[in-house]
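Asks: Numbering (UniProt numbering), first residue to last: 1 to 70.
Beta carbons: idealized from backbone N, C-alpha and C, even for Gly.
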Amino acid sequence: MAKTLQLEFGNTAGKKITVAVEEPRTDLTLAEVQTAMQAILAAEVFSVEGEPATEAVSAQIIDRSVQSLF
């Protein structure tokens, strides 16, 4: 089963920025994710149309099962 940590950020223009991290640690805590997202915001790493991300909107771990056919 493949897991992805999906982090969603927003900016002042109302645009969303989604970052996906493949195979996150299984023992990841809410506090760690919140701290990391705040550090990303403080560093102004991501922007859309010239507007930097200004808020952490959501974080989720997505489980998906992939069955390869060939």
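What number of angstroms, rounded off, separates the C-alpha of Phe-70 from the C-alpha of Lys-15?
Replies: In the sequence shown, the residue the question calls residue 70 occupies position 70. In the sequence shown, the residue the question calls residue 15 occupies position 15. Roughly 38 Å separates the two Cα atoms.
Asks: What distance in whole Å lies between the Cβ atoms of Phe-9 and Val-57, which are believed to be in contact at a cut-off of 8 Å?
Replies: Reading the sequence shown from its first residue, position 57 is the one you call residue 57. Reading the sequence shown from its first residue, position 9 is the one you call residue 9. That pair is a contact at about 6 Å.
Asks: Quick one: Cα of Glu-55 to Cα of Lys-3, how far?
Replies: In the sequence shown, counting from the first residue as 1, residue 55 sits at position 55. In the sequence shown, counting from the first residue as 1, residue 3 sits at position 3. Rounded to the nearest angstrom, the two C-alpha atoms are 24 Å apart.
Asks: On a Cα-Cα basis, can you pick out the residue from Ala-59, Met-1 and Asp-63 that is closest to Ala-31?
Replies: For the purposes of this step, residue 31 is identified with residue 31 of the sequence shown, where counting begins at 1. It is Ala-59.
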